[in-house]
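Residue numbers (UniProt numbering): 59 to 491. Each residue gets a CB set at the ideal place from its N, CA and C atoms; glycine is no exception. Reviewing the structure listed below.
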Amino acid sequence: PAESMDAKVILEARRRIVGPNVTLLFDEPIHMVRGEGVHLYDADGNEYLDTVNNVAHVGHCHPKVTAAVTKALMTLNTNSRYLHQDVIRHAQLLLPTLPSSLEAVYWTSSGSEATELAVRIARAACPGALHVAVMDYAYHGHTCLANDLSPLKFNGPGGSGQPSFVHVLPCPDIYRQTNLDGRAAARKVIAEAHAAGARIGAFIAEPILSCGGQVVLPNGYLAAVYEEMRAEGAACIADEIQTGFGRVGRTFWAFQLHGVVPDIVTLGKPIGNGFPMGAVVVSRRLAKAFSNGTAYFATFGGCTAAGAAGVAVMEALQEEQLQGNAAVVGAYFKEQLQIMQQEFEVIGDVRGEGLMLGIELVDSKASKAPATLLANRVKEAAKCRERLLIAIEGPHSNVIKIKPPIVFSLKDVDKYLAALRKVLEEEQPLCPK
Ligand code: PMP
């Protein structure tokens, strides 16, 4: 039987036979056995509200996606070198959601591969411009190049430091009013590359900086950086791996919140609702530059089962009007959190769009000092006492990250708020009246 091992046995086996830095969530890891909608269930039958998983975008084990993938796997699963309608239908559903200049799709098996491919395409379009600009604390993947483009990793524990071909723009912080000028930051890194005798060929950024702590960019920030980067000949890449597919509510893609049009968009996580896949969408000009003599082939990228998963996700989003749900539920969520912010001294900032929200915990509203220990206690207490799964992010690990499956309902929000309130009340004094 699939689940004959109990948590203790699994944990002990992991210690012996799994790579030691394959990490687990929570001090006391949970043995999950089932998922449905916004819920996960452990081996003892306990139900957890999942506010973290942005892969299960249209809901854990969505019946339509699961059926489509199962049917595909039982019928045919081959690579992209035969004619098959599902990848075409996937592209036909995907492209109308994007600006018309983005018209060629490449599939990959993961977000990291999408990052790799995007930079490869950018470099092909701008020969010799090998340097890349990124935002601080960004994460763009675990492969060699993607890791090199991820300050979260190369500057984090065990990191090997900033590679010489990478330039880092500091995270803007609207809450503390620092690093708000995108144009100045872009000019600085462009000059830095010139001083090293090099040129920047690509700028990659998420439209909401997830690992940076659900950082919302100031108005006009991304447009200014894109303008400076394009003047340099660099391609602008929007990493929509966490933010895309209707999550931000107001728009289908988060870059659209900024009124910019990227040259390349990278997709992952939600694109297959758990089926491992990613994609890169580029302009015809970039696709042409990239295809100059080189064939692109990825064994699993654009395989027939991926096509089926991708189509089912796009259809589920449309049929259940989930972008609209993210807008309505996200707006209510943020409004209610802002009300709680008035009450709790430790809620310093509430930010984000749709169902991509962040709650920054601080020691006090006056100091704005990151409340790292408190955030970790809240995370553990929420899980143990309230069966609420939350994640903590940001350079100081003090931002509660909200990125649930976007089928999250108003009732789920109320449940979240009641649980968070209870945990915070037990942990921290309220604002002085
Ligand atoms: N970019 C972003 C913004 C991500 O969050 C991730 C995954 N956490 C990746 C890229 C890499 O995707 P994957 O893990 O599928 O390779």
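Per the C-alpha coordinates, the member of Gly199, Arg443, Pro276 positioned closest to leucine 238 is Pro276.
Within the region 61-130, the complete alpha helix (DSSP H) segments at least 4 residues long are 65-75, listed from N- to C-terminus.
Non-local C-beta neighbours of valine 369 in its own chain, meaning closer than 8 Å and more than five positions away in sequence, comprise Ala126, Asp144, Arg147, His148, Leu151, ordered along the chain. In the structure shown, valine 247 adopts helical secondary structure according to DSSP, grouped into three states.
For the ligand PMP, a non-hydrogen atom lies closer than 7 Å to the CB of lysine 327. In terms of side-chain proximity, the C-beta atom of glycine 199 is found nearer than 7 Å to a non-hydrogen atom of the ligand PMP. Within the model, the alpha-carbon separation for leucine 447 versus asparagine 111 is close to 9 Å.
Per DSSP, reduced to three states, the secondary structure at aspartate 297 is strand. Per DSSP, the beta bridge partners of tyrosine 164 are Val338. In the pairwise beta carbon analysis, the region 383-392 is classified as touching the region 462-474: at least three pairs are separated by under 8 Å.
In the displayed model, alanine 449 falls within a strand according to three-state DSSP. By the neighbour-count definition (other C-beta atoms within 10 Å, threshold 16), proline 453 is a buried residue. Threonine 155 carries a helical assignment under DSSP once its states are collapsed to helix, strand and coil.
The three-state reading of DSSP puts glutamate 378 in coil, since its state is none of H, G, I, E or B.
Within the region 403-470, the complete alpha helix (DSSP H) segments of 4 residues or longer fall at 430-444, listed in chain order. In the three-state scheme derived from DSSP, where H, G and I count as helix and E and B as strand, leucine 210 is classed as helix. When Leu82, Tyr99, Glu94 are compared, the shortest CA-CA separation from glutamate 61 is found for Tyr99. Annotation: the continuous beta strand (DSSP E) that includes isoleucine 322 extends over 322-325.
Taking 4 residues as the minimum length, the alpha helix (DSSP H) runs contained wholly in the region 339-374 are 342-348, in order along the chain.
The Cβ-Cβ distance between valine 190 and phenylalanine 223 falls below 8 Å.
Taking a 10 Å sphere around the C-beta of valine 371, we find 16 or more other C-beta atoms and assign the residue as buried. Alanine 130 places its beta carbon less than 8 Å from that of alanine 363. If you check the CB distance, tyrosine 233 and glycine 406 come in under 8 Å.
In this structure the region 174-188 does not touch the region 393-405; the number of beta carbon pairs closer than 8 Å is below three. The residues Lys211, in chain order, have a CB closer than 6 Å to that of glycine 217 in the same chain once the five nearest residues on each side in sequence are set aside. Contact between glycine 169 and threonine 324 is confirmed by a C-beta separation of about 7 Å, below the 8 Å threshold. If you check the CB distance, tyrosine 164 and leucine 175 come in under 8 Å. The way I'd put it, the region 280-293 does touch the region 243-250; three or more beta-carbon pairs between them come closer than 8 Å. Considering only Ala429, Gly304, Arg343, the residue with the shortest C-alpha distance to serine 158 is Arg343. With a 10 Å radius around the Cβ and a threshold of 16 neighbouring Cβ atoms, cysteine 269 comes out buried. Residue range 189-193 is occupied by the beta strand (DSSP E) that includes valine 190.
In the DSSP secondary-structure assignment, threonine 236 is bridged to Asp231.
Looking at Leu227, Glu378, Ser208, Leu69, the one whose alpha-carbon comes closest to that of glycine 219 is Ser208. When the five nearest sequence neighbours on each side are left out, the beta carbons in the same chain lying within less than 7 Å of the beta carbon of valine 123 are those of Val116, Asn331, Ala367, Ala370, Val371, Ala374, in order along the chain. Residue pairing from DSSP places asparagine 331 in a beta bridge opposite Phe333.
Every unbroken stretch of the alpha helix (DSSP H) spanning 4 or more residues and falling wholly within the region 248-298 is given here in chain order: 279-289.
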